[in-house]
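Read through the structure below, which is laid out as structure tokens, and then see the notes.
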Amino acid sequence: MALQTVIDTDIVALRDRSAYYRDETRALFGSCDLRVDAGQLLSSRIEVAALADLTITRCTRATGLSVYRTPSNIRLCEREVVDLLWVRAGQCTVIQAGNEARLGPGDAALLVSTRPYEIHKPLRGAEMDILEVSIPLARLQHVLDRPELLSARRLSNGAMVGMMAESLVRSTSGAPDEVAAQAADSLILALDVIAHEMIRSTADTIHGAAALQPLMRAKAHALSRLGDFDLDRDEIARAAGMSVRHLNRLFGRTGDSVTQLVRTLRLERAAEMLTDPACEGLTIQEVAARCGYADQSQFCRHFKRQYGRTATSYRRPA
Numbered sequence: 002m003a004l005q006t007v008i009d010t011d012i013v014a015l016r017d018r019s020a021y022y023r024d025e026t027r028a029l030f031g032s033c034d035l036r037v038d039a040g041q042l043l044s045s046r047i048e049v050a051a052l053a054d055l056t057i058t059r060c061t062r063a064t065g066l067s068v069y070r071t072p073s074n075i076r077l078c079e080r081e082v083v084d085l086l087w088v089r090a091g092q093c094t095v096i097q098a099g100n101e102a103r104l105g106p107g108d109a110a111l112l113v114s115t116r117p118y119e120i121h122k123p124l125r126g127a128e129m130d131i132l133e134v135s136i137p138l139a140r141l142q143h144v145l146d147r148p149e150l151l152s153a154r155r156l157s158n159g160a161m162v163g164m165m166a167e168s169l170v171r172s173t174s175g176a177p178d179e180v181a182a183q184a185a186d187s188l189i190l191a192l193d194v195i196a197h198e199m200i201r202s203t204a205d206t207i208h209g210a211a212a213l214q215p216l217m218r219a220k221a222h223a224l225s226r227l228g229d230f231d232l233d234r235d236e237i238a239r240a241a242g243m244s245v246r247h248l249n250r251l252f253g254r255t256g257d258s259v260t261q262l263v264r265t266l267r268l269e270r271a272a273e274m275l276t277d278p279a280c281e282g283l284t285i286q287e288v289a290a291r292c293g294y295a296d297q298s299q300f301c302r303h304f305k306r307q308y309g310r311t312a313t314s315y316r317r318p319a
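Residue numbering for the sequence shown follows my numbering, starting at 2 and increasing by one per position.
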């Protein structure tokens with residue numbers, strides 16, 4: 002069926018609009034809390050169409066309006082869905098599962114009805130025009146085991162699904178049920194592919210960031226103890242809060258090692274000291290010692306291998 006207007010605040014007296022909008026949206030979408038910013042005239046129109054077991058909703062105007070799905074709202078909600086929000090015009094901010102995405106024209110994001118979320122539409126700027134595709138949760142359950150990887154994140158290519166939905170609603174209007182069902186299946190398949198890619202990309206990013214934290218702690222500790230002759234992997238691992246084996250494994254993924262990190266940091270510190278006028282009075286042996294080398298000859302070998310020049314020539318370039 003084509004989009005049909007089901008809510009239009011402009012046909013209701015100003016004093017009755019808030020109650021009308023709250024009651025009608027709750028009947029349509031389930032329990033939620035609404036807040037209109039102070040001084041803002043509530044004006045919104047909502048159109049709805051069905052595509053097999055999917056619901057397509059278009060919301061226009063509605064600037065300065067915030068929508069909250071709270072735990073108490075969720076308990077009263079009978080239908081569990083995944084909502085794809087595609088912003089056609091205006092801006093909004095969506096928040097869920099610890100994530101926050103600011104969406105502008107052409108952007109899209111997913112929200113899950115079984116978890117609290119917030120949608121905020123700004124006071125100023127272009128009037129809102131959002132197309133929302135509501136999909137039964139069971140149809141996408143396999144990609145939502147970890148909603149923090151997907152919810153309220155800007156969805157790459159999500160706009161394509163929104164445009165597909167809009168086109169399919171028009172093209173299947175009056176078509177037999179089996180045609181609408183096939184159209185719904187194709188829409189979900191497209192979103193499924195996009196969601197899987199989003200999860201993989203997000204998981205890689207989160208995993209990479211999590212892996213970097215102990216490496217950064219290890220590097221910070223090593224930098225603070227470069228002059229300590231006894232600085233070793235055990236001490237650095239303890240400072241990073243993990244076993245030597247695990248720390249070695251993390252460094253291995255970067256193509257480096259704890260030993261190589263310490264050596265590189267010591268040589269970089271030595272190179273800085275050799276060109277620092279404040280250290281001009283130090284001998285090569287003293288520079289080596291301050292950088293954690295008890296053996297000057299070993300320091301000189303490592304330095305030349307790293308910089309292609311002796312420490313003496315590095316200090317006094319030709």
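Even for Gly, the Cβ is constructed at its ideal location relative to N, Cα and C.
Residue range of the beta strand (DSSP E) that Met-243 falls in? Stepping through the sequence shown from its first residue, residue 243 is reached at position 242. Here Met-243 belongs to no beta strand (DSSP E), and DSSP marks it neither H nor E.
Measure the CB-CB distance between Met-70 and Ile-8 and report whether it falls below 8 Å. Here residue 70 refers to the residue found at position 69 when the sequence shown is read from its first residue. Here residue 8 refers to the residue found at position 7 when the sequence shown is read from its first residue. Checking the sequence, you will find Arg at residue 70 rather than Met. In this structure, Ile-8 does not lie closer than 8 Å to Arg-70 by Cβ.
Express the C-alpha separation of Leu-111 and Ala-139 in angstroms, rounding to a whole number. In the sequence shown, counting from the first residue as 1, residue 139 sits at position 138. In the sequence shown, counting from the first residue as 1, residue 111 sits at position 110. So the alpha carbons of these two residues sit roughly 15 Å apart.
Keeping to the same chain, check which residues put their C-beta closer than 6 Å to that of Met-228; ignore five residues upstream and five downstream. Numbered from 1 along the sequence shown, position 227 holds the residue referred to as residue 228. Position check: residue 228 holds Gly in this sequence, whereas Met was assumed. Counting only Cβ-Cβ distances below 6 Å, and skipping sequence neighbours, we find Arg-291, Gly-293.
In this structure, how does DSSP classify Arg-140 when only helix, strand and coil are distinguished? In the sequence shown, residue 140 corresponds to position 139, counting from 1. Helix, per DSSP.
Test item: CB-CB of Ile-195 and Leu-156 under 8 Å: The sequence position of residue 195 within the sequence shown is 194, counting from 1. The sequence position of residue 156 within the sequence shown is 155, counting from 1. Yes. Within cutoff.
Alpha carbon to alpha carbon, how far is Leu-283 from Arg-310? Stepping through the sequence shown from its first residue, residue 283 is reached at position 282. Stepping through the sequence shown from its first residue, residue 310 is reached at position 309. Spanning the two alpha carbons is a distance of roughly 19 Å.
What do you reckon, are the CB atoms on Leu-132 and Ala-181 nearer than 8 Å? Residue numbering aside, residue 132 sits at position 131 when the sequence shown is read from its first letter. Residue numbering aside, residue 181 sits at position 180 when the sequence shown is read from its first letter. No, the pair does not count as a contact, with Cβ atoms beyond the cut-off.
Ordered along the chain, which non-local residues of its own chain (more than five positions away) have a Cβ less than 8 Å from that of Ala-3? Here residue 3 is taken as the residue at index 2 of the sequence shown, counted from 1. The residues are Ala-50, Val-170, Arg-171, Ser-174.
Is Phe-30 buried or exposed, if buried means 16 or more other CB atoms sit within 10 Å of its CB? To locate residue 30, count along the sequence shown from 1; it is residue 29. Its Cβ being crowded by 16 or more others within 10 Å, Phe-30 is buried.
For Asn-158, report the span of its beta strand (DSSP E) as first-last. Here residue 158 refers to the residue found at position 157 of the sequence shown. Counting along the chain, Asn-158 falls outside any beta strand (DSSP E), and DSSP gives it neither H nor E.
Near Val-37, what residues of its chain come up, given a Cβ to Cβ distance below 7 Å and the 5 sequence neighbours on each side ignored? One-based indexing of the sequence shown puts residue 37 at position 36. If we look at Val-37 and ignore the five residues flanking it on each side, its Cβ neighbours are Ser-19, Leu-43, Gly-65, Leu-66.
7 Å Cβ shell around Ala-319 - same chain, five flanking residues per side excluded: One-based indexing of the sequence shown puts residue 319 at position 318. Because the pLDDT at Ala-319 is just 45, under 50, the model does not fix this residue reliably, and the point stays unresolved.
Quick check on DSSP: helix, strand or coil for Cys-93? As a working note, residue 93 is residue 92 in the sequence shown. In this structure, Cys-93 counts as strand in the three-state DSSP scheme.
Just tell me which of Thr-115, Leu-52, Cys-60, Asn-100 has its CA closest to the CA of Ile-75. For the purposes of this step, residue 75 is taken as the residue at position 74 of the sequence shown. It is Thr-115 whose Cα lies nearest to the Cα of Ile-75.
State the beta-bridge partners of Gln-1 as determined by DSSP. Coverage of the chain is limited to positions 2 through 319, which leaves residue 1 absent and any answer about it impossible.
Exposed or buried, which one is Thr-12 when buried takes at least 16 other CB atoms within 10 Å? Here residue 12 corresponds to residue number 11 of the sequence shown, with the count starting at 1. The question names Thr, yet the displayed sequence has Ile at residue 12. So Ile-12 ends up on the exposed side.
Which of helix, strand or coil does DSSP assign to Cys-292? Position 291 of the sequence shown, counted from the first residue, corresponds to residue 292. In the structure shown, Cys-292 sits in coil (DSSP, three-state: anything other than H, G, I, E or B).
According to DSSP, is Leu-151 part of a helix, a strand, or is it coil? Against the sequence shown, residue 151 aligns to sequence position 150. Here DSSP, grouped into helix, strand and coil, assigns Leu-151 to coil.
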